[in-house]
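Since the structure comes first, as structure tokens, the remarks are kept for the end.
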Amino acid sequence: MPKFAPALLALLLLASGLASAGPWEEGYTAYQRKDYTTAVAKWRQVADKGNAKAQSLMGQMYFYGQGVKQDYPQAITWLNLAAAQGEPKAHFRLGSMHENAQGFTQNKLMAAVSYTMAAELGHPEGIEALKRVSAEFSPKETALVSRLAQTCIKRAYKACESVLNP
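In the working numbering, the protein residues as written are 458 to 623.
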């Protein structure tokens with residue numbers, strides 16, 4: 458076996474892996490290079506097929522204006538699609554948007570509902586955000602947040618945007 462054969466084999470395997478990379482991986486690679494326009498184009502392909510993580514990332518891209526014009530309504534649309542599938546980052550970002558009046562009228566109750574769902578789904582910052590936003594809630598407001606969050610959870614996160622976006 459020639460001495461260069463292992464190197465050639467490794468190169469061929471690497472090339473075949475790159476050739477088979479799909480839109481998700483290509484989007485991630487583009488994002489790492491800060492080529493946000495390409496990342497959006499690649500992730501949109503996956504998001505349009507219903508991938509919750511890709512939908513959440515599309516929401517983030519519109520939220521920050523990375524690769525697209527900043528557009529809170531478009532961010533909300535993508536985040537709602539992801540949240541309807543139980544994507545914790547989407548719930549967390551929606552909570553932040555409610556809390557900080559980004560695309561919504563400021564509504565700390567709705568922020569708390571979104572943060573509750575993010576926390577329930579394991580988002581590491583969900584509980585702290587919930588504590589912060591609900592620190593001055595009355596017992597009645599706390600009960601309302603709990604009831605709204607439970608409604609969304611019972612619906613398996615489907616159609617929660619009607620509860621969260623009155």
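Glycine is no exception: its CB is placed at the ideal position from the N, C-alpha and C atoms.
{"query": "Contacting residues, own chain, Cβ-Cβ under 6 Å from Y519 (five flanking each side not counted)", "result": "V525, D528, Q531 and A532"}
{"query": "Straight-line gap, L538 to Q512 (C-alpha atoms, nearest Å)", "result": "7 Å"}
{"query": "Residue burial classification, K506 (beta-carbon count within 10 angstroms, cutoff 16)", "result": "exposed"}
{"query": "CB-CB length for E402 against I610, believed under 8 Å", "result": "Any answer about residue 402 is impossible in this case: the structure gives the chain only from 458 up to 623."}
{"query": "Candidates A592, Q502, W481 and W535, of which the one nearest E556 by Cα", "result": "A592"}
{"query": "Rounded separation between P545 and Y521 - CA only", "result": "18 Å"}
{"query": "Enclosing alpha helix (DSSP H) for T495 [first to last residue]", "result": "Y493 to A504"}
{"query": "G633 in three-state terms, based on DSSP", "result": "No information on residue 633 is available, as it lies outside the stretch 458 to 623 that the chain covers here."}
{"query": "Assigned exposure category for G579 - 16 Cβ within 10 Å defines buried", "result": "exposed"}
{"query": "Proximal residues to Q542 (C-beta, below 6 Å), its chain only, five neighbours per side dropped", "result": "A509"}
{"query": "Boundaries of the alpha helix (DSSP H) in which N537 is found, first to last residue", "result": "Y529 to A540"}
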